[in-house]
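K.L.:
In full-length UniProt numbering, the protein residues as written are 1 to 136. Ideal Cβ placement from N, Cα and C applies to all residues, glycine included.
Structure, rendered in structure tokens:
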């Protein structure tokens, strides 16, 4: 348990999502949003900005108007965080924003097909940053 606490709280390691790897504050989100979107997919917009840290950080914005059910919003956030954890990114701040509706209230909250589509889109977005940005 000690090793989990030590590793998880410092943000070290490539497969964690410790607080140090999250964009949490409003001004941090704003500073990334001020820049133009780097990449767009069918449902997402990715904003990035180089940071001065030794690792990448992630922020996720999922508006209720595009995903009316909490189950759907939480699924999108979970899939995004999971792919971020396993993708080796350079030291950048990434904000992933849902930009189009993924379903409506009369449709199922999540389906396997929806999860696969979202995972493919997010994988492409993160992969584009892996190649595009080489640290100084």
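1) Report, in whole angstroms, the separation of the C-beta atoms of residue 23 and residue 93, which I expect to be a contact under 8 Å.
2) How many angstroms separate the CA atom of residue 58 from the CA atom of residue 76?
3) Taking the alpha carbon of residue 122 as the point to measure from, which residue in 44, 56, 66, 86 has its own alpha carbon closest?
4) Give the secondary structure of residue 92 by DSSP, where H, G and I count as helix, E and B as strand, and everything else as coil.
5) So within the stretch 20-51, which uninterrupted beta strand (DSSP E) runs reach at least 3 residues, ignoring any that extend past its ends?
6) According to DSSP, simplified to helix, strand and coil, what is residue 115?
7) Check each candidate in 117, 112, 98, 72 and name the one with the smallest Cα separation from residue 61.
8) State yes or no: is the C-beta of residue 89 within less than 8 Å of the C-beta of residue 56?
9) Pick from 111, 37, 115, 130: whose alpha carbon is nearest that of residue 91?
10) What are the start and end residues of the beta strand (DSSP E) that includes residue 69?
11) Quick one, are the C-beta atoms of residue 80 and residue 102 less than 8 Å apart?
12) List the endpoints of the continuous beta strand (DSSP E) containing residue 60.
13) Excluding the 5 residues preceding and the 5 following residue 51 in the sequence, name in chain order all residues of the same chain whose CB lies nearer than 7 Å to its CB.
14) What residue from 40, 38, 49 has the CA that sits closest to residue 30's CA?
P.N.:
By the coordinates alone:
1) Reading the chain shown from its first residue, position 23 is the one you call residue 23. Reading the chain shown from its first residue, position 93 is the one you call residue 93. About 6 Å separates the two Cβ atoms, so the contact holds.
2) What you label residue 58 is simply residue 58 of the chain shown in a count that begins at 1. What you label residue 76 is simply residue 76 of the chain shown in a count that begins at 1. Between residue 58 and residue 76, the C-alpha separation is close to 14 Å.
3) One-based indexing of the chain shown puts residue 122 at position 122. It is 44.
4) For the purposes of this step, residue 92 is taken as the residue at position 92 of the chain shown. It is a strand residue.
5) 44-50
6) Position 115 of the chain shown, counted from the start, is the residue given in the question as residue 115. Note: residue 115 maps to helix in three-state DSSP.
7) Taking the first residue of the chain shown as position 1, residue 61 is located at position 61. If we check each option's Cα against that of residue 61, 98 comes out closest.
8) Against the chain shown, residue 89 aligns to sequence position 89. Against the chain shown, residue 56 aligns to sequence position 56. Result yes, Cβ atoms of residue 89 and residue 56 sit closer than 8 Å.
9) Reading the chain shown from its first residue, position 91 is the one you call residue 91. Nearest of 111, 37, 115, 130 to residue 91, Cα basis: 130.
10) If you number the chain shown from 1, residue 69 lands on position 69. Neither: residue 69 is in no beta strand (DSSP E) and is coded neither H nor E.
11) If you number the chain shown from 1, residue 80 lands on position 80. If you number the chain shown from 1, residue 102 lands on position 102. Going by C-beta atoms, residue 80 is not nearer than 8 Å to residue 102.
12) The residue labelled residue 60 in the question sits at position 60 within the chain shown. Counting along the chain, the beta strand (DSSP E) containing residue 60 begins and ends at 57-61.
13) Along the chain shown, one-based indexing puts residue 51 at 51. Correct list, in chain order: 57, 91, 92, 93.
14) Within the chain shown, residue 30 is the residue found at index 30, counting from 1. Per the Cα distances, 49.
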